[in-house]
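Peer 1:
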Amino acid sequence: MQASFKTTCCYCGVGCGIVVHKDRQGKLHVEGDTAHPVNRGMLCSKGMNLHYTVMDTSDRLLYPEMRYHRNLPRQRASWDQALERTAAVFAAIIKKHGPDAVAFYASGQCLTEEYYVVNKLIKGFIGSNNIDTNSRLCMSSAVAAYKMALGEDAVPGTYDDIEQADCIFVAGANPAWCHPIIWRRVEAAKAANPAMKIIVSDPRVTQSCSLADLHLQVNPGTDIVLHHAIGRALITGGYTDSGFIGAHTNGFAAYREAVTARSIEEAAAICGIAAADIYTAAEYIGNAQGFMTFWTMGLNQSAVGVHKNLSLINLHLITGHIGKPGSGPFSLTGQPNAMGGREVGGLSNLLPAHRVLSNPQHRQEVQEFWGGTALSDKPGLTATEMFSALHDGRLKAIWIMCTNPLISLPDVRFAEAALQKAKYVVVQEISSKPETLRYADVVLPAAAWTEKEGTMTNAERRISYLTKVNDAPGEALPDAEIICRFAKKMGYHGFDYTNVSEIYDEHCRLTAGTNIDISHLNYDIIKKQRSVQWPYTGGQGTPRLFGDHRFYTPDEKAMIHHFEDENKSEPLSSDLPLILTTGRIRDQWHTMSKTGKVSKLKQHIATSFLEIHPEDARQRGIHADDMVTVSNGRGTVRVKAQLSNTIKQGVVFLPMHWGKILNSDLHRANNLTSQLLDPISKQPDFKYAAVQVERYRKP
Ligand code: SF4
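So for the sequence shown, the working numbering puts the first residue at 11; every next one is plus one.
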């Protein structure tokens, strides 16, 4: 007999609905949920192969392990032994060095309930704000920009806007590969409405460009110049909505002055595109009834990521294309629950329900609700700052949960050296493969997708339910249970939940009166309805925000920000003359700890490679498939060259997925990336590193 379970894909922020079928032998098979409003039965290559990932338990961690000294091997331990020892070490460190000497580094793949309890533990009871997640590497620039422009970290639109748009601008993203189900909806919408215009800006000719009416192949680092120039062309072309600007925004006059500082022709030269293309983009946007923008890492992962985001959002604010069907600035989320993590305040600068750490009233509300210690007003360490603090000894202990920083952090050799210096490292993981385990004093085996239940929130503010289908192998436990057991070992009250629904319901109550209010929601409703969009007062929730053009700012007006258009990435030099940009390939997910287990997914691209323009290759005597060395002062990568006219001259591309192979780290793109951060979002500048490329000759 077969049983079927409805759940949600655990990979990207699209948030597709999945049906898991389980046969009598316990074998699983997945298919798209035809009733789900996001994917309507479709799945991408990663989603449709999820059952292989779940069924292969050969690499799973089965039991807790611990060691009493760095030089000793870890031994199998009971849960009590591992957690009691960790609680004793944490308590000793906190007593001697204060609460800011410990930190939790979590993941946008954690469920909302997991995020909630770990955030409650460190902020509400340990008394530090040292919690951050790998979402910092992904979309913190978009979060900051939404807040600065609209008064709240809130995606205004919904996926159903796609079918109602007639101009879609994709900036610094390749959704055809990275958010495939969104892209299939865009493809279908364009097929139904051939007049729909698609604009893509990207230094590479990606798969998404095949659908584009206009590809703006900009030089890396010139996005603000491009967006400002389009803004100028919209103003001079008479395409702005003066009624909307006057009634619902602030800052237009200063913006107009800033964007008219450069001529379109000057901007085009900086961007490396034709001026005519900027006018065409403005014409497409200006003539649209519904205008959407989609973006991801090309804008976010930058030393000026927040300004890149704001410059794109401005195009909506000057044309009034926000809060109405088919319109809105839409940040595509990389991870499945980056948004849910922020709802519960799981970043170093946040409190639950998007409350603000620097606001004494907000701290008071949360402390009274949790009943723990007074909340610190000192912002915690962000993702990369944690590793810097391990390096210089300010941070003594780190708890790494559901993430693989020794592939995903920038300047990753620095991060690895930092872990070597840590006094105590806890790794909470499903797999025995991540390199972080080498440095772990304690390893805690976690349950994986289908082995636990809970909720996640996708990119369109849709909270979805995830079902438990099968038991975790060995002694692995759900992440929320691990954290709660640890909190109790530390002697803290308030972690006696008997099931996940109690955690979720507590989170719902804490949102009362905030902009993301879901206090009328509870776990039973989510479980029954499968998904709703926040804020929630009933029914299916709120698909679209700002329909009344009242924004979450004090005067309810959106803010049109202005700023310089300078690129603040590291400079090129005669020794390091090429710009390295990194990104994903179609069939792999992040650091491949799940997709890497599926042989089918390696058929598309099996190994790492360097994409390089034929002219840059010719100048270096490099031929197709030659081994090349990519290097700078931070590290080296050695892979095969792939010559391609699809990348701009002067730019090279490496996929970000690969880590160490047979103890060699020469495939790891982040050996080369820079620690430069956006000063507001603290998101690293992954998309622009100065490198040299040479043909590799065996010594
Ligand atoms: Fe999963 Fe994203 Fe693919 Fe949907 S698009 S199936 S959420 S990986």
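No residue lacks a Cβ here, since even glycine has one placed at the ideal position from N, Cα and C.
(1) Would you call the CB atoms of histidine 238 and valine 269 closer than 8 angstroms?
(2) DSSP three-state label for isoleucine 595, please.
(3) Short check: CB of threonine 150 to CB of cysteine 412, under 8 angstroms?
(4) Quick test of your reading: isoleucine 209 and tyrosine 265, contact by CB under 8 angstroms. State the CB separation rounded to the nearest angstrom.
(5) With distances taken between CB atoms, is the gap from isoleucine 280 to leucine 226 smaller than 8 angstroms?
(6) Rounded to whole angstroms, what is the Cα-Cα separation between lysine 697 and threonine 250?
(7) State the CB to CB distance for the pair alanine 634 and leucine 653, rounded to an integer number of angstroms; the pair is presumed to be in contact (CB under 8 angstroms).
(8) Measure the beta-carbon distance from glycine 57 to isoleucine 103 and round it to whole angstroms, keeping in mind my assumption that it falls under 8 angstroms.
(9) Determine the burial state of arginine 214: buried for a count of at least 16 other Cβ atoms within 10 Å of its Cβ, exposed for fewer.
(10) Quick one: measure Cβ to Cβ for cysteine 26 and histidine 46, integer angstroms, because I've assumed they're closer than 8 angstroms.
(11) In angstroms with no decimal places, state the Cα-to-Cα distance between histidine 61 and arginine 34.
(12) For ligand 1, I want to know if tyrosine 62 counts as a neighbour, meaning its beta carbon is within less than 7 angstroms of at least one of the ligand's heavy atoms.
(13) Which of helix, strand or coil does DSSP assign to serine 441?
(14) Checking 8 angstroms against the spacing of the C-beta atoms, do asparagine 139 and lysine 130 come in under that value?
(15) Taking only heavy atoms of ligand 1 into account, decide whether any of them is closer than 7 angstroms to the Cβ of lysine 56.
(16) Considering only their Cβ atoms, is the gap separating valine 436 from valine 422 smaller than 8 angstroms?
(17) Here's the rule: buried if 16 or more other CB atoms are within 10 angstroms of the residue's CB, otherwise exposed. What is glutamine 438?
(18) Compare the Cα-Cα distances from tyrosine 533 to each of Ala490, Leu476, Gly557 and Tyr562 and report the closest residue.
(19) Where does leucine 672 land, buried or exposed, given buried means 16+ other C-beta within 10 angstroms?
(20) Would you kindly check if the distance between the Cβ of proline 335 and the Cβ of glycine 296 is under 8 angstroms?
(21) Considering only DSSP beta bridges, list what phenylalanine 301 is partnered with.
(22) Under 8 angstroms Cβ to Cβ from threonine 552, same chain only, skipping five residues before and after it: list those, please.
(23) Within the same chain, show all residues whose beta-carbon is closer than 7 angstroms to that of cysteine 54, passing over the 5 residues directly before and after it, in chain order.
(24) Nearer than 7 angstroms: is that true of the beta carbon of leucine 121 relative to any heavy atom of ligand 1?
(25) Cβ of arginine 519 within 8 angstroms of Cβ of serine 529?
(26) Does the beta-carbon of valine 24, which I'm using as the reference point, lie nearer than 7 angstroms to any heavy atom of ligand 1?
(27) Taking the alpha-carbon of serine 252 as reference, which of Leu357, Glu41 and Leu327 has the nearest alpha-carbon?
(28) If distances are taken between C-alpha atoms only, which option among Phe397, Gly403, Leu361 and Asp527 comes closest to aspartate 387?
(29) Assuming alanine 469 and alanine 432 are in contact, meaning their beta carbons sit under 8 angstroms apart, how far apart are those beta carbons, in whole angstroms?
(30) Between alanine 458 and valine 64, how many whole angstroms is the CB-CB distance? I'm expecting something under 8 angstroms.
(31) Exposed or buried, tyrosine 78, counting other C-beta atoms within 10 Å across all chains shown (16 or more means buried)?
Peer 2: Based on what the coordinates show:
(1) Yes, the Cβ-Cβ distance between histidine 238 and valine 269 is below 8 angstroms.
(2) Coil at isoleucine 595, not helix or strand.
(3) It is serine, not threonine, that sits at residue 150 in the sequence shown. A distance of 8 angstroms or more separates the beta carbons of serine 150 and cysteine 412.
(4) The pair is not a contact, with the Cβ atoms about 21 angstroms apart (cut-off 8 angstroms).
(5) In this structure, leucine 226 does not lie closer than 8 angstroms to isoleucine 280 by Cβ.
(6) Those two C-alpha atoms are separated by around 32 angstroms.
(7) Confirmed, about 5 angstroms.
(8) Approximately 41 angstroms separates the beta-carbon atoms of glycine 57 and isoleucine 103; this is outside 8 angstroms, ruling out the contact.
(9) Its Cβ being crowded by 16 or more others within 10 Å, arginine 214 is buried.
(10) Histidine 46 and cysteine 26 do touch by the CB rule: their CB atoms are close to 7 angstroms apart, below 8 angstroms.
(11) The straight-line gap separating the alpha-carbon atoms of histidine 61 and arginine 34 is approximately 15 angstroms.
(12) It does not: the Cβ of tyrosine 62 is nowhere closer than 7 angstroms to a heavy atom of ligand 1.
(13) Note: serine 441 maps to strand in three-state DSSP.
(14) Result no, Cβ atoms of asparagine 139 and lysine 130 do not sit closer than 8 angstroms.
(15) Lysine 56 Cβ: within cutoff of ligand 1.
(16) No; because the gap between Cβ atoms is not below 8 angstroms, this pair is not in contact.
(17) Glutamine 438 should be labelled buried.
(18) Closest by alpha carbon: Leu476.
(19) Exposed, because fewer than 16 other Cβ atoms sit within 10 Å of the Cβ of leucine 672.
(20) No. Outside cutoff.
(21) The partner list for phenylalanine 301 (beta bridge, DSSP) reads Cys177.
(22) These residues qualify, in order along the chain: Arg471, Gln543, Trp544, Pro545 and Tyr546.
(23) Closer than 7 angstroms at Cβ, skipping near neighbours: Pro190 and Ile191.
(24) Because no heavy atom of ligand 1 lies under 7 angstroms away, the Cβ of leucine 121 does not count as near it: no.
(25) Yes, the pair counts as a contact, with Cβ atoms nearer than the cut-off.
(26) Yes, the Cβ of valine 24 comes within 7 angstroms of a heavy atom of ligand 1.
(27) Out of Leu357, Glu41 and Leu327, the CA that lies nearest to the CA of serine 252 is found in Leu327.
(28) For aspartate 387, the closest C-alpha among the options Phe397, Gly403, Leu361 and Asp527 is that of Leu361.
(29) Not really, about 34 angstroms apart at Cβ, beyond 8 angstroms.
(30) The beta carbons of alanine 458 and valine 64 sit about 7 angstroms from each other, so the pair counts as a contact at 8 angstroms.
(31) Per the 10 Å Cβ criterion, exposed.
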